[in-house]
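J.:
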DNA sequence: TATGAATGAGAGTTCATTCAT
DNA sequence: AATGAATGAACTCTCATTCAT
């Protein structure tokens with residue numbers, strides 16, 4: 001991650017003194033996220049990103065290795081957030097079916113709260129370089145496996161029906177979640193929580209014993 | 001559709017006589033489908049398409065207005081196929097829950113049979129020009145509405161549970177279906193029919209009264 | 001001239017029978033003239049010409065050797081017309097200053113009557129191939145020399161002032177004439193005859209002894 | 001004007017130190033002027049321009065928005081020069097007929113001194129984009145109006161004959177001037193000043209009261 | 001820490017022309 | 001007399017990235 005190497009240097013003094021130029025990497029990531037979501041990764045010239053962020057190309061290449069690297073940072077941020085949430089929820093001592101329902105609802109709310117990230121995620125993965133793509137997939141798989149473990153725990157405990165493949169259920173459910181970006185409108189009639197409840201309800205109902 | 005204007009003319013004789021050069025537009029579409037699915041629309045140069053199809057750029061632009069047009073044709077083909085299938089299934093006189101289950105399973109089988117189309121569909125829509133994007137969305141919406149009508153018919157008839165928004169169910173289910181392209185492997189352990197049964201089962205179970 | 005070789009063949013019968021397809025070369029020339037004047041030679045694709053003429057590319061290349069040839073025909077037509085007019089006027093037995101004035105006025109009226117030709121003439125000459133360009137220039141020079149001869153005749157006869165180079169006068173006057181295309185508007189307030197009188201008047205006045 | 005944004009920055013040091021790479025935009029404009037005059041705008045590939053200027057395409061597009069922009073800059077330069085000259089001459093306190101004669105002669109000398117610009121001007125105007133064409137025409141019109149004002153001043157003062165439309169005279173005269181590029185040869189027998197005197201003489205004579 | 005001029009490869013598209021039919 | 005599929009070369013322009021400063 002080029003970010004870590006560079007972003008943590010910098011003169012704190014100057015940042016405090018001149019908030020205009022402060023947080024350059026953060027502003028670049030924000031601009032990139034917005035643009036990648038709106039236009040797609042390949043349709044977004046580096047020029048546009050730096051314009052939106054109000055910096056120059058030189059600055060971008062100072063903080064990030066490449067355009068790819070920028071995308072990679074975005075993925076890393078999303079994955080970190082979702083993993084943290086899942087871990088937190090899974091670690092509570094509520095009954096498994098409650099933890100599963102909470103996790104299912106949370107991933108919907110989180111995805112809607114970061115809809116740009118969601119759009120990028122499912123559209124632009126294959127535009128990452130081979131190696132970084134592997135990293136992201138691996139992290140993603142770990143996330144899915146953690147989710148699947150919850151289902152299997154419920155199946156073993158008899159609170160969720162057997163006879164349905166947990167791995168398929170995970171792919172089934174996250175397909176729905178990833179597609180939120182294609183149809184959900186922030187200015188539409190549905191609150192994020194409403195969608196979350198419905199989605200979680202559909203999942204749990206389909207798993208009733 | 002540029003294709004229709006040109007591809008249907010031409011001398012059948014010659015095509016029969018020299019299958020090597022025959023079906024130029026079809027070969028272009030096939031090559032484009034494969035490449036768009038593998039590499040993505042923006043990552044696929046026109047040069048590669050014509051190389052794979054064994055023709056020249058001039059030939060491509062003789063049959064298609066633009067690279068965009070090629071993508072549009074692919075969409076049109078998928079939509080036509082899925083719409084036909086849905087209409088056929090919906091029109092039978094089986095009980096509504098059987099028709100819904102059949103439709104749900106069919107769209108999975110069809111998507112897997114045309115996995116390249118599926119991958120392109122959900123990844124590259126936003127790379128179509130504004131106008132064509134509208135066309136495709138409209139056609140897609142009609143398809144979804146037809147599907148939703150089946151659910152609502154079941155709800156009204158009391159064979160599917162009330163209290164769940166049919167439109168959300170449609171988005172939920174087709175999210176799962178569209179994402180098949182990201183995880184399904186043709187050389188994997190799961191037959192298309194197995195996935196189809198599971199998916200249809202999850203849908204129907206979640207709608208049990 | 002490719003035209004002569006081909007256009008004079010053809011079945012008179014068919015032309016009489018089907019005026020729709022008759023006069024194909026003429027319609028091509030008309031379309032080309034209009035388009036070359038509006039858009040410029042290089043900006044006018046052959047495709048547009050044949051569309052406007054309602055024929056196919058094959059037909060065009062049947063009658064004309066090339067796009068260049070089409071332009072050449074247009075030049076030939078203009079030159080022929082103007083030369084004929086000049087010869088006719090110069091050959092009358094009116095006093096030389098009357099003949100000069102008449103010729104000067106006529107070339108304005110003719111240029112305005114064929115404004116498209118005029119526009120093409122002064123804009124697109126250099127887009128002709130080397131050889132054809134020479135031909136046109138030679139013909140043009142002959143025309144200018146005939147005009148100059150009138151001036152010199154007047155100077156020798158004492159009805160036009162000496163001490164002004166006749167060749168420069170010719171270039172001076174035809175500069176003005178060729179530029180009609182850039183400012184004259186057919187729907188403007190000035191009748192062609194008005195302009196012609198003014199132009200001829202300016203010329204004759206500047207040559208008063 | 002894209003030029004202004006970029007060309008004035010840059011390190012003067014470096015330019016002084018390495019004149020080989022200095023003045024890239026100027027060298028591009030020079031090459032473009034020469035080529036547009038010789039071959040015409042549409043016949044001149046960008047490739048040729050950058051070859052002649054000894055830079056890469058990227059450099060061209062760094063300084064200019066488009067090939068059109070390059071042409072526009074050339075126009076702007078010509079117009080600026082001619083307008084300045086006219087203003088200077090018109091502002092002297094010589095009698096109006098002297099000022100008019102001087103202006104008429106000057107525009108000939110200037111046109112011949114910048115014959116390439118002249119050729120481009122009257123041939124390629126219509127190859128500019130709609131909007132820029134309007135700009136140039138407006139500027140041109142202002143120039144013509146300034147010139148016309150001189151004539152009208154002379155007419156009102158009684159030193160030039162009435163009964164001839166000043167606007168037509170302007171179009172008449174500038175037609176001649178613009179056409180210098182089609183026949184004047186720098187290696188020919190006529191000095192620029194000779195032509196200028198003749199042209200001015202023809203104009204003034206045609207306006208004698 | 002940051003600049004922005006410059007690169008060089010490649011993008012999508014257009015075009016006049018040919019030729020088998 | 002006429003078709004229109006196909007060519008192949010050339011076109012304008014864009015882009016991520018580098019590097020001297």
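Residue numbers (the UniProt record's numbering), protein chains in the order written: chain X, 1 to 209; chain G, 1 to 209; chain S, 1 to 209; chain A, 1 to 209.
Glycine included, every Cβ here is placed at the ideal spot set by N, Cα and C.
(1) Does any residue of chain S bring its CB to less than 7 Å from the CB of residue 66 (chain A)?
(2) Using CA atoms only, rank isn't needed, just tell me which of A:31, A:100, A:148 and A:96 is closest to residue 73 (chain A).
(3) Considering only their Cβ atoms, is the gap separating residue 60 (chain S) from residue 28 (chain S) smaller than 7 Å?
(4) Short check: CB of residue 75 (chain A) to CB of residue 170 (chain A), under 7 Å?
(5) Is residue 157 (chain S) closer than 7 Å to residue 115 (chain S) when the C-beta atoms are compared?
(6) How would you call residue 178 (chain A), buried or exposed, if buried means at least 16 neighbouring beta carbons within 10 angstroms?
(7) Measuring only between beta-carbons, confirm whether residue 185 (chain A) sits less than 7 Å from chain S.
(8) Should residue 62 (chain X) go down as buried or exposed, given a rule of 16 or more other Cβ atoms within 10 Å for buried?
(9) Starting from the C-beta of residue 200 (chain S), find all residues in its chain whose C-beta is less than 6 Å away, skip the five residues before and the five after it, and write them out in chain order.
(10) Quick one: what does DSSP say residue 116 (chain G) is sitting in, helix, strand or coil?
(11) On the three-pair Cβ rule with 8 Å, is the stretch 111-130 of chain A touching the stretch 36-49 of chain A?
(12) Looking at the C-beta of residue 147 (chain A), does it have a partner C-beta in chain S at a distance below 7 Å?
(13) Which chain S residues sit within Cβ distance under 9 Å of residue 205 (chain A)?
(14) Rounded to whole angstroms, what's the CA-CA distance from residue 198 (chain A) to residue 168 (chain S)? Just pull it up for me.
(15) What three-state label does DSSP hand residue 195 (chain X) in the structure shown?
(16) Looking at the ligand SAH, does it come within less than 6 Å of residue 183 (chain S), judged from the CB to the closest heavy atom?
(17) Since residue 71 (chain A) and residue 124 (chain A) should fall inside the 8 Å C-beta cutoff, what is the C-beta to C-beta distance between them, to a whole number of angstroms?
(18) With a 10 Å radius around its C-beta and 16 neighbouring C-beta atoms as the bar for buried, classify residue 189 (chain G) as buried or exposed.
(19) Within the UniProt domain "HTH tetR-type" (22-82) of chain G, note down every full alpha helix (DSSP H) run reaching 4 residues or more, in order along the chain.
(20) With a CB to CB cut of under 8 Å and the five nearest residues on each side skipped, what residues in its chain are close to residue 95 (chain S)?
(21) Please check the pair residue 150 (chain G) and residue 91 (chain G), which I expect to be a contact at CB under 8 Å, by giving their CB distance rounded to whole angstroms.
(22) Work out the CA separation of residue 23 (chain G) and residue 113 (chain S) for me, nearest whole Å.
(23) So which residues of chain X does residue 168 (chain G) contact, with C-beta pairs closer than 9 Å?
(24) Does any CB atom of chain A fall closer than 7 Å to the CB of residue 172 (chain S)?
(25) Distance cutoff 7 Å, beta carbons only. Does residue 176 (chain S) sit that close to anything in chain A?
(26) State yes or no: is the beta carbon of residue 126 (chain S) nearer than 7 Å to at least one beta carbon in chain A?
(27) Any Cβ of chain X within less than 7 Å of the Cβ of residue 40 (chain G)?
(28) For the stretch 53-87 of chain S, list every residue whose C-beta sits within 9 Å of some C-beta in chain A, in sequence order.
(29) With distance defined between alpha-carbon atoms, name the residue in X:206, X:183, X:138 and X:155 nearest to residue 79 (chain X).
(30) Within its chain, find whatever has a CB closer than 6 Å to the CB of residue 155 (chain X); leave out the 5 residues flanking it on each side and keep chain order.
(31) Classify residue 65 (chain A) as buried or exposed, calling it buried when 16 or more other Cβ atoms lie within 10 Å of its own Cβ.
(32) Nearest-angstrom Cα distance between residue 121 (chain G) and residue 175 (chain X)?
(33) Please report how far the alpha carbon of residue 172 (chain X) lies from the alpha carbon of residue 55 (chain X), in whole angstroms.
(34) Mind listing the chain A neighbours of residue 43 (chain S)? Cutoff is C-beta to C-beta under 9 Å, in chain order.
(35) Does any C-beta atom of chain S lie closer than 7 Å to the C-beta of residue 179 (chain A)?
T.: With the structure as the only source:
(1) Here residue 66 (chain A) refers to the residue found at position 66 of the fourth chain. Chain S, which has no Cβ nearer than 7 Å to the Cβ of residue 66 (chain A), makes this no.
(2) For the purposes of this step, residue 73 (chain A) is taken as the residue at position 73 of the fourth chain. Ranking the options by Cα distance to residue 73 (chain A), first place goes to A:31.
(3) As a first step, residue 28 (chain S) is located in the third chain; it is residue number 28 there, counting from the start. As a first step, residue 60 (chain S) is located in the third chain; it is residue number 60 there, counting from the start. Yes, Cβ-Cβ distance for residue 28 (chain S) and residue 60 (chain S) is below 7 Å.
(4) Walking along the fourth chain from the start, residue 75 (chain A) turns up at place 75. Walking along the fourth chain from the start, residue 170 (chain A) turns up at place 170. Cβ distance not < 7 Å, so residue 75 (chain A) and residue 170 (chain A) don't count as in contact.
(5) Taking the first residue of the third chain as position 1, residue 115 (chain S) is located at position 115. Taking the first residue of the third chain as position 1, residue 157 (chain S) is located at position 157. No, Cβ-Cβ distance for residue 115 (chain S) and residue 157 (chain S) is not below 7 Å.
(6) In the fourth chain, counting from the first residue as 1, residue 178 (chain A) sits at position 178. In the assembly as shown, residue 178 (chain A) is a buried residue. Its beta-carbon has 16 or more other beta-carbons within 10 Å.
(7) Position 185 of the fourth chain holds residue 185 (chain A). Not closer than 7 Å to any Cβ of chain S, the Cβ of residue 185 (chain A) fails to qualify, so no.
(8) The residue you call residue 62 (chain X) lines up with position 62 of the first chain. Its Cβ having fewer than 16 others within 10 Å, residue 62 (chain X) is exposed.
(9) In the third chain, counting from the first residue as 1, residue 200 (chain S) sits at position 200. The residues are 101, 104 and 105.
(10) Taking the second chain and counting its residues from 1, one reaches residue 116 (chain G) at position 116. Helix at residue 116 (chain G).
(11) yes
(12) On the fourth chain, position 147 is the one that residue 147 (chain A) refers to. At a cut-off of 7 Å, the C-beta of residue 147 (chain A) has no neighbouring C-beta in chain S.
(13) Along the fourth chain, one-based indexing puts residue 205 (chain A) at 205. Those are 161, 164, 205, 206, 207 and 208, listed as they occur along chain S.
(14) One-based indexing of the fourth chain puts residue 198 (chain A) at position 198. One-based indexing of the third chain puts residue 168 (chain S) at position 168. Looking at the two C-alpha atoms, the distance is approximately 8 Å.
(15) Along the first chain, read from residue 1 onward, the residue named residue 195 (chain X) stands at position 195. It is helical.
(16) As far as ligands go, the structure on display features none, and thus does not contain the ligand SAH.
(17) Along the fourth chain, read from residue 1 onward, the residue named residue 71 (chain A) stands at position 71. Along the fourth chain, read from residue 1 onward, the residue named residue 124 (chain A) stands at position 124. The Cβ separation is near 6 Å, so the contact holds.
(18) Here residue 189 (chain G) corresponds to residue number 189 of the second chain, with the count starting at 1. Classification for residue 189 (chain G): exposed.
(19) 24-39, 46-53 and 57-63
(20) As a first step, residue 95 (chain S) must be located in the third chain, where it is residue number 95. The residues are 159.
(21) Translated into the one-based positions of the second chain, residue 150 (chain G) becomes position 150. Translated into the one-based positions of the second chain, residue 91 (chain G) becomes position 91. Actually they are not in contact, since the Cβ atoms of residue 150 (chain G) and residue 91 (chain G) sit about 11 Å apart, beyond 8 Å.
(22) Within the third chain, the letter at position 113 stands for residue 113 (chain S). Within the second chain, the letter at position 23 stands for residue 23 (chain G). Computed Cα separation, rounded: 51 Å.
(23) For this step, residue 168 (chain G) is matched to residue 168 along the second chain. Simply 190, 194, 195, 198, 199 and 202.
(24) Reading the third chain from its first residue, position 172 is the one you call residue 172 (chain S). With 7 Å as the cut-off, residue 172 (chain S) counts as an interface residue toward chain A.
(25) Here residue 176 (chain S) refers to the residue found at position 176 when the third chain is read from its first residue. So, interface residue.
(26) Taking the first residue of the third chain as position 1, residue 126 (chain S) is located at position 126. Yes, residue 126 (chain S) lies at the interface with chain A (some Cβ there is under 7 Å from its Cβ).
(27) Taking the second chain and counting its residues from 1, the one referred to as residue 40 (chain G) is at position 40. Yes, residue 40 (chain G) counts as interfacial toward chain X.
(28) none
(29) Taking the first chain and counting its residues from 1, the one referred to as residue 79 (chain X) is at position 79. Nearest of X:206, X:183, X:138 and X:155 to residue 79 (chain X), Cα basis: X:138.
(30) Walking along the first chain from the start, residue 155 (chain X) turns up at place 155. Result list for residue 155 (chain X): 162, in chain order.
(31) Translated into positions along the fourth chain, residue 65 (chain A) becomes position 65. Exposed, by the Cβ-count rule.
(32) As a first step, residue 121 (chain G) must be located in the second chain, where it is residue number 121. As a first step, residue 175 (chain X) must be located in the first chain, where it is residue number 175. Cα to Cα, the separation comes out at about 14 Å.
(33) For this step, residue 172 (chain X) is matched to residue 172 along the first chain. For this step, residue 55 (chain X) is matched to residue 55 along the first chain. About 42 Å.
(34) Translated into positions along the third chain, residue 43 (chain S) becomes position 43. By Cβ distance, chain A contributes 42, 126 and 127.
(35) Here residue 179 (chain A) refers to the residue found at position 179 of the fourth chain. Interface residue, yes.
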